[in-house]
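This report concerns only the one structure given below.
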């Protein structure tokens with residue numbers, strides 16, 4: 003290969019994305035928001051907006067078939083897809099599913115995958131309206147595109163948070179990573195003991211394993227926000243981990259953030275797994291992704307109002323001036339910068 | 003593997019699709035047309051419709067990097083994607099691009115791919131509004147989703163043709179297959195002679211190679227139809243070959259078709275390749291796919307009107323009663339059934 007060959011690994015996917023999105027390209031005047039938020043936003047009519055988002059899952063990279071039942075995979079892919087629409091304070095309407103399928107996979111496996119897709123479709127009221135099915139000589143690659151809608155007066159971006167706003171997080175975080183740790187331990191056990199017929203005892207870990215394999219997107223939050231006429235100032239879903247999402251939201255809003263470690267919402271089952279693994283559960287909460295919870299910001303006053311109608315969220319901190327940076331107050335009372343966390 | 007293991011090959015992808023689409027699934031009341039046409043159709047407002055379509059391309063299955071420059075691949079993927087929107091008499095607005103990229107590919111290769119994507123985006127006035135970029139340890143898999151719009155009073159489906167309607171085809175067909183035959187011959191030559199530094203002499207075959215590598219979608223047809231206020235009774239784009247598309251359109255319209263072999267639009271360059279390969283050029287025209295031309299039906303009267311404004315199409319036959327089946331009159335005057343063609 004020539005000297006000019008530059009691997010993607012050497013520059014990283016973010017730098018590659020930056021290169022690609024810097025090209026001179028056609029701009030559609032109806033496009034309000036392109037790459038850079040949870041979903042693209044396109045003007046539809048005077049008071050309505052179209053949302054589009056897309057994800058790809060690669061066998062052996064994004065999922066491991068050893069411990070991922072295919073109906074769970076299908077379910078999770080749809081949950082994660084619609085979660086990006088909810089994260090814009092929108093509602094999903096339809097999905098397209100694209101598969102590149104190796105022939106070593108059976109008809110039953112693909113049927114299982116679709117059973118999971120349809121199950122999540124029902125729970126999120128989205129129809130599978132199309133897609134593509136291709137043979138692959140290598141591994142399974144699944145892409146999903148989601149089409150949704152939002153209203154002009156309630157669409158919520160990553161940008162828009164105000165200084166002083168409370169940072170709210172639904173449900174609990176770190177559970178999906180705890181589930182992954184358990185599944186990876188089981189896989190290692192199977193590999194070392196070579197007896198695949200012995201089914202793992204996952205009963206004790208049901209909560210975290212479900213968080214990893216069949217996560218639910220937070221449609222309920224969006225429904226209640228709409229019903230109560232409350233619009234968050236900014237919003238993002240938690241797929242890459244709390245620290246990453248707080249940073250993205252703060253950057254977009256051109257603000258800093260101040261977080262209380264003691265306020266992180268962590269399930270008791272997640273704590274138990276971390277204890278068993280002799281790991282720090284706060285790291286699960288801060289860096290574990292895939293929880294599909296929603297982070298949103300609201301003024302203190304609105305929080306007081308909203309909590310009367312919806313109780314499954316906590317305030318983990320507040321937005322501060324950009325100059326104050328990204329900081330966390332630890333349980334011991336120390337203040338650490340996000341830069342020192344990773 | 004257990005006795006119940008059923009390979010996808012053993013039942014075929016059509017049977018698999020049928021199994022999958024027969025599952026009990028959520029139906030969105032706004033979805034007018036789901037799987038089964040060139041694009042899904044969703045109600046937007048009183049006079050406007052949303053179109054969604056999606057395709058996947060697998061390295062080594064759908065494209066061969068040996069003779070496919072990546073900027074051509076990017077261009078073709080967008081052309082083929084928007085062609086499905088034009089085939090509904092709609093206009094594309096935006097695309098999402100999903101990549102699973104092996105690390106052996108360089109930054110430059112992905113940049114080239116995107117240069118082609120953006121070039122076709124400009125020509126078709128679509129913006130790349132998002133997507134996903136994932137690592138793959140195996141081959142390159144590219145998915146594209148296209149979002150477009152159509153009007154309630156001009157959307158055109160595969161169904162809708164009337165008995166007696168003329169079957170019209172834009173441009174010429176069989177050229178993309180002729181180009182593929184040339185590229186495959188060149189590849190064989192390289193493999194046998196082992197000298198990749200010798201660039202092939204493709205100058206003589208420029209027309210057909212372009213038809214294969216950088217096909218243009220027929221935006222011009224849709225623009226002129228709109229300008230002249232003419233709405234075809236049915237429409238489909240030619241991606242799987244003429245015989246396949248005529249059959250799909252006739253099935254959807256619950257009619258038969260009668261085709262004149264002598265009327266098939268074949269470029270002189272395509273004939274030359276077939277001659278050189280000692281193959282039947284009519285088979286290229288009937289079974290070669292990927293031309294991205296549009297087949298549409300119009301009453302005889304409307305054809306007379308339309309031809310005054312647009313000349314790049316020919317009438318290749320007419321729609322007949324379902325009972326008359328699918329037939330072609332050969333250049334020699336014999337009448338053969340489509341069933342005897344393949």
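Chains as they are written, first to last, in the numbering used here: chain A, 3 to 344; chain B, 3 to 344. Note that the Cβ used here is the ideal one computed from N, Cα and C, for glycine as well.
For residue i, the three-state DSSP class (helix, strand or coil)
i	result
residue 128 of chain A	coil
residue 207 of chain A	helix
residue 92 of chain A	coil
residue 58 of chain A	strand
residue 263 of chain B	helix
residue 279 of chain A	coil
residue 233 of chain B	coil
residue 339 of chain A	strand
residue 238 of chain B	strand
residue 175 of chain B	coil
residue 243 of chain B	coil
residue 29 of chain A	coil
residue 329 of chain A	strand
residue 258 of chain B	strand
residue 156 of chain B	coil
residue 226 of chain B	helix
residue 284 of chain A	helix
residue 119 of chain B	helix
residue 272 of chain B	helix
residue 293 of chain B	coil
residue 314 of chain A	coil
Own chain partners of residue i with C-beta closer than 6 Å, once the 5 adjacent residues on each side are dropped
i	result
residue 248 of chain A	259
residue 159 of chain A	39
residue 56 of chain B	147
residue 120 of chain A	none
residue 164 of chain A	235
residue 331 of chain B	262 and 337
residue 251 of chain A	160, 236 and 238
residue 305 of chain A	168
Cutoff 8 Å; reference residue i; Cβ partners in own chain excluding five residues on either side
i	result
residue 2 of chain B	In the structure displayed, chain B extends from 3 to 344; residue 2 of chain B sits before or after that span and is not available.
residue 30 of chain A	44
residue 34 of chain B	43, 44, 45 and 51
residue 154 of chain B	48, 49, 50 and 51
residue 345 of chain B	Not covered by the structure: residue 345 of chain B. The range shown for chain B is 3 to 344.
Sequence-distant residues of the same chain with beta carbon closer than 7 Å to residue i, five excluded per side
i	result
residue 311 of chain A	226 and 230
residue 81 of chain B	122, 217, 218, 219 and 294
residue 167 of chain B	235, 299, 300, 301, 320 and 321
residue 284 of chain A	263 and 266
residue 83 of chain A	55, 57, 97, 146 and 148
residue 185 of chain A	69, 211 and 214
residue 10 of chain B	18
residue 242 of chain B	291
residue 314 of chain A	172 and 173
Per DSSP, cross-strand counterpart(s) of residue i
i	result
residue 104 of chain B	B/138
residue 149 of chain A	A/54 and A/96
residue 65 of chain A	A/61
residue 169 of chain B	B/299 and B/319
residue 78 of chain A	BP columns for residue 78 of chain A are empty, so no partner.
residue 43 of chain B	B/35 and B/53
residue 9 of chain A	B/108
residue 14 of chain B	Paired residues: none, contrary to the question.
residue 133 of chain A	A/99
residue 143 of chain B	B/60 and B/102
7 Å Cβ cut-off: residues of chain D touching residue i
i	result
residue 218 of chain A	Reference to chain D is not applicable here, since the protein chains of this structure are A and B.
The segment 116 to 131 of chain A touching the segment 91 to 99 of chain A, judged by at least three CB pairs closer than 8 Å: yes
Near-chain A residues of the segment 49 to 65 of chain B - C-beta to any C-beta below 8 Å: 50, 52, 54, 55, 56, 57, 58, 59, 60, 62, 63 and 64
Chain-ordered residues of the segment 120 to 139 of chain A with a beta carbon less than 7 Å from chain B: 120, 123, 124, 127, 128, 129, 130, 131, 132, 133, 134, 135, 136, 137, 138 and 139
Cβ contact check for the segment 64 to 76 of chain B and the segment 108 to 116 of chain B: 3 or more pairs under 8 Å: yes
contact_flag[the segment 98 to 109 of chain A, the segment 134 to 151 of chain A] where n(CB pairs < 8 Å) is 3 or more: yes
Residues of the segment 84 to 98 of chain A whose Cβ lies closer than 7 Å to any Cβ of chain B, in chain order: 95, 96 and 98
Contact set between the segment 292 to 316 of chain A and chain B, restricted to residues whose Cβ is under 8 Å from the partner: none
Interfacial residues, the segment 17 to 33 of chain A to chain B, with Cβ spacing under 9 Å: 17, 18, 19, 21, 22, 23, 25, 26, 27, 28, 29, 30, 32 and 33
Cβ pair count under 8 Å reaching 3, the segment 58 to 70 of chain B against the segment 55 to 65 of chain A: no
Near-chain B residues of the segment 232 to 257 of chain A (beta-carbon distance less than 9 Å), N- to C-terminal order: none
Residues of the segment 257 to 271 of chain B with Cβ closer than 8 Å to any Cβ of chain A, in chain order: none
Residues of the segment 141 to 164 of chain A whose Cβ lies closer than 8 Å to any Cβ of chain B, in chain order: 141, 143, 145, 147 and 149
Members of the segment 315 to 336 of chain B that neighbour chain A once the beta carbon cut-off is set at 9 Å: none
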